[in-house]
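One structure is given here, and the rest of the page talks about it.
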Amino acid sequence: MILVFGSINVDIIMPVFSLPRPGETVLAKTMNVKPGGKGANQALAAQRAGVKTSLVGRVGQDAHAKIALSSLKDENVDLSLVKVSDRETGCAIIMVDKDGENIISVASGANLDVASNQVDDDMLTECDVVLLQQEVLLEQNLRLASRARDRSIPVVYNFAPSEPASEELFSTIDYIIMNKIEASKILTLGAQKEPVEIAKAINRQYGITTVITLGEKGAIAESKSGSFRVSAPVVKVVDTVGSGDTFCGYFAAEIAKGNRSTDSALRIATRAASIACSRYGAQAGIPCRSDVF
């Protein structure tokens, strides 16, 4: 089983011809309200990858909560550890341009109340993998990661959105996944470094498997067993929202299945993420296992 500890949002999506520059207003002909949030998206991806998945999170006492949980309920993701907060359900405003690129702003809301003590020791012991991201409080991620590490449960950490990292974080995780922009902001390595240099530096210094996604160029990884690079299948990109979450969910699913081959997990996750880019919607675009294999 995969335990996903993370955010639950609604996505307010506006398709635009081009993304706005600072001070610019752009018009959208329509808008859609869909379920989202990195935690929810990754839980759905792991479930569709064929692994039983449980999501830990919080929603508000509002109409958005029902929307946010709708796809997860339909796909039988375990929501027994999703609690209700006095804050509003998290909400993301997303603009997607004609090339499928996006800009996103998130109001965290109830996600700020997600706490590691929502997971008791018995539940944690049942897990094969713990999957984390950065749309909940760092201190809560650290607490759960430390408890998982004490029980020799692999921890996969998605360094997104890019927030300040800590030395303590790297001592509690086994895998870190980020895109090339997030990688340029990690620690003091700086934007001048190439992704492969950053991956090598993190793996060398902390001994954790470091994965960096490169969009249409695929993904790279540095681990104790070597260096890996995979190409992405060529697809017509219509929407990149959720593709990174698809990658994380599928990658974690391969680890949970006992596939500790970084190369194999990298290839499968890259294929799944590429398919997601060819479809609209952060959750609607996540492929099922039969689409990937």
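Position 172 of the sequence shown, counting from 1, maps to 1211 under this note's numbering, and the rest follow consecutively.
Note that the Cβ used here is the ideal one computed from N, Cα and C, for glycine as well.
Query raised in the report: Which residues does DSSP pair with Val1250 in a beta bridge?
Result: As a beta-bridge residue in DSSP terms, Val1250 pairs with Ile1216, Ala1260.
**Report entry** In chain order, each alpha helix (DSSP H) run of at least 4 residues that lies wholly inside the segment 1052 to 1094
**Finding:** The DSSP assignment places 1077 to 1087 as complete runs of the alpha helix (DSSP H) inside the segment 1052 to 1094, in order along the chain (cut-off: 4 residues).
Query - Neighbourhood of Asp1138 by C-beta, 8 Å cutoff - its chain only, sequence neighbours within 5 removed - result: For Asp1138, same chain residues with a beta-carbon under 8 Å away, outside a window of 5 residues either side, are Val1276 in chain order.
Query raised in the report: How is Asn1048 classed by DSSP in three states: helix, strand or coil?
Result: Three-state result, Asn1048: strand.
Query raised in the report: Should Arg1087 be labelled buried (16 or more other beta-carbon atoms within 10 Å of its own) or exposed?
Result: Flag for Arg1087 reads buried.
**Report entry** Three-state class that DSSP yields for Val1235 in the structure shown
**Finding:** Helix at Val1235.
Requested in this report: Go ahead and pull the three-state DSSP assignment for Arg1306.
Outcome: In the three-state reduction of the DSSP assignment, Arg1306 falls in the helix class.
Query - Local conformation of Phe1286 per DSSP, three classes - result: In the three-state reduction of the DSSP assignment, Phe1286 falls in the helix class, which pools H, G and I.
Requested in this report: Let me know the secondary structure DSSP gives Lys1275 once reduced to three states.
Outcome: In the structure shown, Lys1275 sits in coil (DSSP, three-state: anything other than H, G, I, E or B).
Query raised in the report: So is Asp1117 buried or exposed if we call it buried at 16+ other beta carbons inside 10 Å?
Result: Here Asp1117 is buried. Its C-beta has 16 or more other C-beta atoms within 10 Å.
Query raised in the report: Using 8 Å as the threshold, is the segment 1215 to 1223 in touch with the segment 1234 to 1241, meaning 3 or more CB pairs across them?
Result: Taking a cut-off of 8 Å for Cβ pairs, the segment 1215 to 1223 and the segment 1234 to 1241 touch, as three or more such pairs fall below it.
**Report entry** Close-in-space but distant-in-sequence residues of the same chain around Ala1184 (CB under 8 Å, 5 per side omitted)
**Finding:** So the qualifying residues of the chain are Val1169, Leu1171, Val1194, Tyr1196, Leu1208, Thr1211, Ile1212.
Report task. Give a yes or no on whether the C-beta atoms belonging to Val1135 and Asp1278 are separated by under 9 Å. Result -> Note that the C-beta distance between Val1135 and Asp1278 is below 9 Å.
Query raised in the report: From what residue to what residue does the alpha helix (DSSP H) around Asn1197 run?
Result: For Asn1197, there is no enclosing alpha helix (DSSP H); the enclosing beta strand (DSSP E) has its first and last residue at 1194 to 1197.
**Report entry** Whether Gly1288 touches Ile1314 by CB criterion (9 Å)
**Finding:** The answer is no: Cβ separation not under 9 Å.
Requested in this report: Note down the Cα distance separating Arg1328 from Gly1062, rounded to an integer number of angstroms.
Outcome: Answer to the nearest angstrom: the Cα atoms are 43 Å apart.
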